[in-house]
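For the sequence shown, the working numbering assigns the number 23 to the initial residue and increments by one for each residue that follows.
Using N, Cα and C, we set each Cβ at its ideal position, and we do this for glycine too.
Note sheet for the following structure.
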Amino acid sequence: MSLPGKKAPAGAGGIRRWLSTVVVSALALLLALVVISLSLGSPLPGASIHEYLTVRPSDPKGYDAAIDGNNDSTIAVPLSEKELQGGQEPLAARSDQSGGTLNSSEDSSKADDTVSDPAAVGNKILDPVVLDDATPKIEEGTIPGAPDSSSDSQRPDQGTCDLYRGEWVLDSSGPLYTNNSCPIITQMQNCQGNGRPDKDYEAWRWKPEQCVLPRFDGSKFLELMRGKTLAFVGDSVARNQMESLLCILWQVETPVNRGSRKWNRWIFRSTSTTIIRIWSSWLVHRSSEAVGIAPKGLDKVFLDIADETFMEHIPTFDVLVLSSGHWFAKRSAYILNGNVVGGQLWWPRQAGEMQINNIDAFGISVETCLTALATNPNFTGIAVLRTFSPDHYEGGAWNTGGSCTGKVKPLDEVVRNGFTDTMYGKQVASFRKAVQNSGKHSSKLKLMDITEPFALRADGHPGPYRSPDPNKKTQRGPDGKPPPQDCLHWCMPGPVDTWNEMLFETIRREFEGDSS
23 MSLPGKKAPA GAGGIRRWLS TVVVSALALL LALVVISLSL GSPLPGASIH
73 EYLTVRPSDP KGYDAAIDGN NDSTIAVPLS EKELQGGQEP LAARSDQSGG
123 TLNSSEDSSK ADDTVSDPAA VGNKILDPVV LDDATPKIEE GTIPGAPDSS
173 SDSQRPDQGT CDLYRGEWVL DSSGPLYTNN SCPIITQMQN CQGNGRPDKD
223 YEAWRWKPEQ CVLPRFDGSK FLELMRGKTL AFVGDSVARN QMESLLCILW
273 QVETPVNRGS RKWNRWIFRS TSTTIIRIWS SWLVHRSSEA VGIAPKGLDK
323 VFLDIADETF MEHIPTFDVL VLSSGHWFAK RSAYILNGNV VGGQLWWPRQ
373 AGEMQINNID AFGISVETCL TALATNPNFT GIAVLRTFSP DHYEGGAWNT
423 GGSCTGKVKP LDEVVRNGFT DTMYGKQVAS FRKAVQNSGK HSSKLKLMDI
473 TEPFALRADG HPGPYRSPDP NKKTQRGPDG KPPPQDCLHW CMPGPVDTWN
523 EMLFETIRRE FEGDSS
């Protein structure tokens, strides 16, 4: 629930502040000139959502998070633009899930959150989704709420060096681990173990423009986190990042598994460092009980109540990494102030026009969660919001010809995806609102802005290499259609390991007070 507040004070005055003001003013003038040039027809990429859509009109319109009951891996399910924006054509509920994860069971409440993985059984595609051909008009303009990539002031958590502006460069030192040196990789992300023939996607490193992103040092990380707890909260992509961190640290020390039905928990005894993962699809409260016109059994997402699954434990967390978004394409109803205000893939015709669609619901949920964390006096750590993880389905979605097969190196430039851009923009805008709401506590909030750099990494997904089945299809058939594939999650090892190098640097800056 959003709590009002003031912005954090800007800091000490003096000559340094005056010089900074002059520099920022000059940059602002330069940016204004750039914006004007774009509005007059500049061919630069990213000028407008309209251009994004015309660059790749066959991009998937979105996806419904479908979680595999054994490893909670998400596979994209295509939805129309109307459905993504809260289309009023109701679809039948889809659910088939058995509990459990690789190392411990999920919270029992997850059973109502999940649907069967539509591509987890051999080469068959299960549980197809009915498509709605209606495509709403999208107003031309820049990504709503997205930060200006040339302005550090748009990222209030960043210091003098922006980690998220840079380029991908080949690194001859290779990955931080291999699929053979880490025993906890979810099978669907074990690309080499599943027969992927190329390996260069493991060798690219992110190089920021104005500083160095150090190669991850597991011993230094454990020492930095001595006696502390790091928790990942989110969906299966959060699990992807958590497993990546564990694999990196596994090369230094084998942790002890102390997981339960609710949490994955790993303890590194040498430094008493604890790594936790908590499942939270929306980051806010969820219930299947009837609310108003929303019937029992339908997921109710309470947009103004942070998820108690992790909120009740926040005094024990020193670093909290939050991520969400993909589940806002799932069938659900939205509750605000106790009232049903909207829905996704569900809305009774007789109820009239919805007040809130899934994009707006996503934004409200982010603001709610971050504000609740920052203003809670019992939370003394930092909350890191990882921005929306881009997918790379081209030519359709997972069951309509979408593919990332054949991508063996980073893209030269981002191929725009309208849904990803909109979700990212909404998320960043909500982060800013939470910072404002949190007043003097806003320093607890950090933004890990991975969306744009990783929009270039179409080569980093499992694609068709999702299982070790030697008979799986990995090439297009005689009809030209590609096999089912995962272009949302990330191979391990692979680009997702860079998320944890960025996270390490964010934590180091906070604990050591260094923003260089």
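Whole angstroms are fine: how far does the CA of residue j sit from the CA of residue i?
i, j, result
"S387", "H307", "9 Å"
"D382", "L467", "21 Å"
"L305", "I298", "16 Å"
"W369", "G461", "37 Å"
"G84", "T293", "Confidence is the limiting factor: at G84 the pLDDT is only 34, short of 50, which leaves the residue's position unreliable, though a coordinate-based value still follows. Cα-Cα distance, rounded: 42 Å."
"K494", "K221", "19 Å"
"G196", "C233", "21 Å"
"L510", "R248", "33 Å"
"I378", "R438", "25 Å"
"G364", "A394", "23 Å"
"G188", "F476", "11 Å"
"E103", "F238", "Interpretation of E103 is limited by its pLDDT of 39, a score under 50 that renders its predicted location unreliable; no figure is taken from the coordinates."
"R531", "L246", "11 Å"
"R261", "F254", "8 Å"
"E416", "G424", "5 Å"
"G485", "P399", "44 Å"
"T276", "M514", "18 Å"
"E375", "G447", "24 Å"
"Q497", "N380", "35 Å"
"V430", "D519", "17 Å"
"N202", "H463", "43 Å"
"V323", "G418", "29 Å"
"T422", "H348", "19 Å"
"P492", "P505", "14 Å"
"A355", "T444", "20 Å"
"F350", "G440", "15 Å"
"E231", "N216", "35 Å"
Which of helix, strand or coil does DSSP assign to residue i?
i, result
"E311", "coil"
"F339", "coil"
"N201", "coil"
"K448", "helix"
"V388", "helix"
"I378", "strand"
"Q366", "strand"
"I472", "coil"
"T208", "coil"
"D519", "helix"
"T295", "strand"
"D184", "coil"
"D481", "helix"
"L344", "strand"
"F290", "strand"
"L235", "coil"
"L325", "strand"
"L525", "helix"
"D508", "strand"
"L358", "strand"
Determine, using beta carbons only, whether residue i and residue j come nearer to each other than 8 Å.
i, j, result
"R291", "V278", "yes"
"E474", "Y186", "yes"
"G256", "L342", "no"
"R408", "L320", "no"
"F339", "T251", "yes"
"Q507", "R488", "yes"
"N522", "S266", "yes"
"F453", "L358", "no"
"D481", "P412", "no"
"L235", "M524", "yes"
"C269", "C213", "no"
"T390", "A328", "yes"
"V191", "K242", "no"
"W285", "I300", "yes"
"F410", "Q449", "yes"
"L244", "T295", "yes"
Residues bridged to residue i by DSSP?
i, result
"E189", "K229"
"Y550", "Nothing about residue 550 can be reported from this structure: the residues present for the chain run from 23 to 538 only."
"R408", "M470"
"I300", "V255, W285"
"V278", "I289"
Does the Cβ of residue i lie closer than 7 Å to at least one heavy atom of the ligand COA?
i, result
"R488", "Although the ligand COA was asked about, the structure shown includes no ligands whatsoever."
Flag residue i as yes if its beta-carbon sits less than 8 Å from any beta-carbon of chain D, otherwise no.
i, result
"G461", "Considering every chain present, this structure includes no chain D. It has just one protein chain."
Item to check | beta strand (DSSP E) runs contained entirely in the segment 238–272, provided each spans 3 or more residues | outcome: The qualifying runs are 251–256.
Checklist entry - Can you list the alpha helix (DSSP H) stretches of 4 or more residues lying completely in the segment 411–467, in chain order? => result If we require 4 residues or more, the alpha helix (DSSP H) runs fully inside the segment 411–467 come out as 440–460.
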